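In my numbering, each residue carries its 1-based index in the sequence shown increased by 337.
All residues carry an ideal CB built from backbone N, CA and C; glycine is no exception.
Predicted model only: the values in this text are computed from it and were never measured.
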Amino acid sequence: MSRFQVGQKHPFVRHTVWLRDLKGNRTRTSHSLTPHGEDTESTEIVYLTCISEHDVPHEYDESQLAKGYIFKKDDCEHDFHNQYPTASYGQISTFGDWVASAFYETESGYEDQEYFSVGEALNSIERFGKNGEALPEYLSKIKSIMLKSLEENGFKLEETDFSKRHSQAIGYKNWKIVPA
């Protein structure tokens with residue numbers, strides 16, 4: 338099954354976080370795909386529509402193919418890409434499978450917007466503790482923001498088949514986002 342379905346909206350998230358200088362003082366904010374503990378200022382959820390799926394070469398081995406996707410955001414004229422036009426994988430990471438990015442030129446230079454899959458973000462929170470129990474306050478707040486947004490936009494969480502069979506052994510549940 339594909340990571341994303343063409344023609345459907347998919348929820349993505351990014352955070353505004355405080356950056357600190359070498360003395361530990363907060364200096365400015367920046368966008369981040371992952372929260373930074375108590376330095377997380379806000380959480381933004383967007384819904385991107387998948388408009389196409391492509392077979393794309395791996396960045397370091399063009400003989401291997403992966404799936405790449407193009408998305409549209411309602412209030413943005415620029416396309417967002419996920420593993421497109423090439424797929425980039427680390428030795429032990431598929432993080433890039435869950436990132437949608439738009440890079441474009443503006444009058445004042447270049448702009449970028451990046452978001453991370455809400456489904457994968459929620460699964461990361463679940464892995465933080467056994468099924469997300471005893472979470473730090475900032476993660477509980479972020480989880481609540483994401484769950485509320487999903488509900489308000491007609492989505493719900495459904496446990497994956499793998500998780501149903503193996504959650505006791507792996508110590509946490511794994512979720513996918515489906516229409517309500």
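Pairing L487 with P372 gives a Cβ-Cβ distance that is not under 8 Å. In terms of Cβ geometry, S379 and H352 form a close pair [threshold 8 Å].
The bridge partners DSSP lists for R363 are R357. Residue state for G456 is assigned as helix, using DSSP reduced to three classes. Straight-line measurement puts the Cα of K501 at about 19 Å from the Cα of A517.
Closest option to Q450, judged by alpha-carbon separation, among D376, I382, E470 and V343: I382. With respect to V354, Y452 sits apart: the two C-beta atoms are not nearer than 8 Å.
DSSP, reduced to helix, strand and coil, places R340 outside both helices and strands of the structure shown, so it counts as coil. Counting only the Cα atoms, K404 lies some 7 Å from E390.
The bridge partners DSSP lists for C413 come to none. About 19 Å separates the CB atoms of K480 and I507; that is not less than 8 Å, and the two are not in contact. Contact check for V343 and I388: beta-carbon distance about 7 Å, within the 8 Å limit, so the pair qualifies.
Between K409 and T386 a beta carbon distance of about 5 Å is seen, short of the 8 Å cut, so the two are scored as contacting. By the Cβ-count criterion, K510 is buried, with 16 or more other Cβ atoms from all chains shown falling within 10 Å of its own Cβ. It is roughly 15 Å from the alpha-carbon of S438 to the alpha-carbon of T431. Taking C-beta separations shorter than 8 Å and ignoring five residues to either side along the sequence, the partners of Q420 in its chain run V393, A403, K404, G405, Y406, G433 and D434, following chain order.
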